[in-house]
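Q: Those sequence lines, one after another, are chains A and B.
Going by the numbering used here, the first sequence opens with residue 2, and the numbers climb by one from there.
Going by the numbering used here, the second sequence opens with residue 2, and the numbers climb by one from there.
There are 2 protein chains.
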Amino acid sequence: MKKQPPSYKPETCPVSRFVAILGDDWSWLIIREAFRGASKFSDFQKSTGIAKNILTDRMKKLTEHGIFERRDVGATGPRFEYFLSEKGKSLEPLLRNIIGWSRENLNH
Amino acid sequence: MKKQPPSYKPETCPVSRFVAILGDDWSWLIIREAFRGASKFSDFQKSTGIAKNILTDRMKKLTEHGIFERRDVGATGPRFEYFLSEKGKSLEPLLRNIIGWSRENLNH
DNA sequence: TCTATTTGGTTGCATTTTGAAACTTAATTG
DNA sequence: CAATTAAGTTTCAAAATGCAACCAAATAGA
């Protein structure tokens, strides 16, 4: 999404700001896993199947935007835990809506 | 999103099915424009700023998934109108949620 | 203490998707 | 029947994605 005409500049358009962060293939799956209890990098990586470099980018982006927080949990090896911030948790109703709409409208 | 482990196969995961269709940079902006009254190819193209070839792909995809319907409206030149199906209209609460969440949580 | 192990990443490169601009096609108006 | 209009297509460059191999920090165990 390179070009943005006046009506869709992130400064003035909530939908534009939304898709800039959550409008991709993986973020919602990552967030859903978090609600299910995932917290370690490897949790997300294994359960979603996302490539490691892409997961690194997404967690960084979501963390920068305050949806996740990254915490050091001293254990063997590098040891970080990603957990949903209050802002992240506030996505739960939206996630439920997505799941509900999908179940009703996207037949497999 | 190439690889999909068992727990995220579209057949069994509503979130996966959702992002496969609505998890991209443009679809929500297109849908929002439709709720605002856009209907012609050029309406969507001008108001969002999306490249024509990408818009072609998105409208095709959204139409194939029953969110838009394409109708011939005989006027000068090629003359199609894209309008939201019932399924498309059923996205309105979700769109409102997205806008609301974005306004409250994504500061510009 | 020294080494092996366990994460959580990076890097390099191939493949896919996106974007911009120019071009094409179909229909219609004058 | 030519000019116009709208909806695409095509071409090619640039960016994002995916995979596999590699690296690095920290602890556990000997």
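The C-beta atom is built at its ideal place from N, Cα and C for all residues, glycine as well.
Predicted model only: the values in this text are computed from it and were never measured.
1. For B:Asp73, write down the residues that DSSP places opposite it in a beta bridge.
2. Closer than 8 Å is the cut-off here; do at least three beta carbon pairs connect the region 72-86 of chain A with the region 41-51 of chain A?
3. Flag B:Asn98 as yes if its beta-carbon sits less than 8 Å from any beta-carbon of chain A, otherwise no.
4. What span of residues does the alpha helix (DSSP H) with A:Leu92 cover, start to end?
5. With 16 as the cutoff for other CB atoms within 10 Å, does A:Gly24 come out buried or exposed?
6. In terms of residues, what are the limits of the alpha helix (DSSP H) holding A:Trp29?
7. Would you say B:Tyr9 lies against chain A (beta-carbon separation less than 8 Å)?
8. Short check: CB of A:Tyr9 to CB of B:Gly89, under 8 Å?
9. Please decide whether B:Leu85 counts as near chain A, where near means a Cβ-Cβ distance under 8 Å.
10. So the candidates are A:Asp26, A:Leu56, A:Leu92 and A:Met2; which of them puts its Cα closest to the Cα of B:Ser17?
11. Determine, for B:Phe42, whether the minimum Cβ-Cβ distance to residues of chain A falls below 8 Å.
12. Can you give the Cα-Cα distance for B:Glu12 and A:Glu65, rounded to whole angstroms?
13. Less than 8 Å separating the beta-carbons of B:Ser28 and B:Leu63?
14. Going along chain A in order, which residues have a C-beta closer than 7 Å to the C-beta of B:Gly24?
15. Please determine, among A:Ala21, A:Val20, A:Met2 and A:Lys53, the residue with the shortest C-alpha to C-alpha distance to B:Met2.
16. Can you check whether the CB of B:Ile32 is closer than 8 Å to the CB of B:Leu96?
17. Which one of A:Pro7, A:Ala76 and A:Leu30 has the shortest CA to CA distance from B:Pro15?
18. Looking at A:Ser48 and A:Glu34, is the spacing between their C-beta atoms short of 8 Å?
19. Quick check: the Cα distance between A:Thr57 and A:Gln46, rounded to an integer number of angstroms?
20. The alpha helix (DSSP H) spanning A:Ala110 covers which residue range?
21. Taking only beta-carbon atoms, is A:Gln5 less than 8 Å away from chain B?
22. Does the Cβ-Cβ distance between B:Asn98 and A:Pro94 come in under 8 Å?
A: By the coordinates alone:
1. B:Phe81
2. yes
3. yes
4. No alpha helix (DSSP H) holds A:Leu92; DSSP gives it neither H nor E.
5. buried
6. Ser28 to Phe36
7. yes
8. no
9. no
10. A:Asp26
11. no
12. 32 Å
13. yes
14. Gly24, Asp25, Asp26 and Trp29
15. A:Lys53
16. yes
17. A:Leu30
18. yes
19. 10 Å
20. What is shown of chain A runs 2 to 109, which leaves residue 110 of chain A out entirely.
21. yes
22. yes
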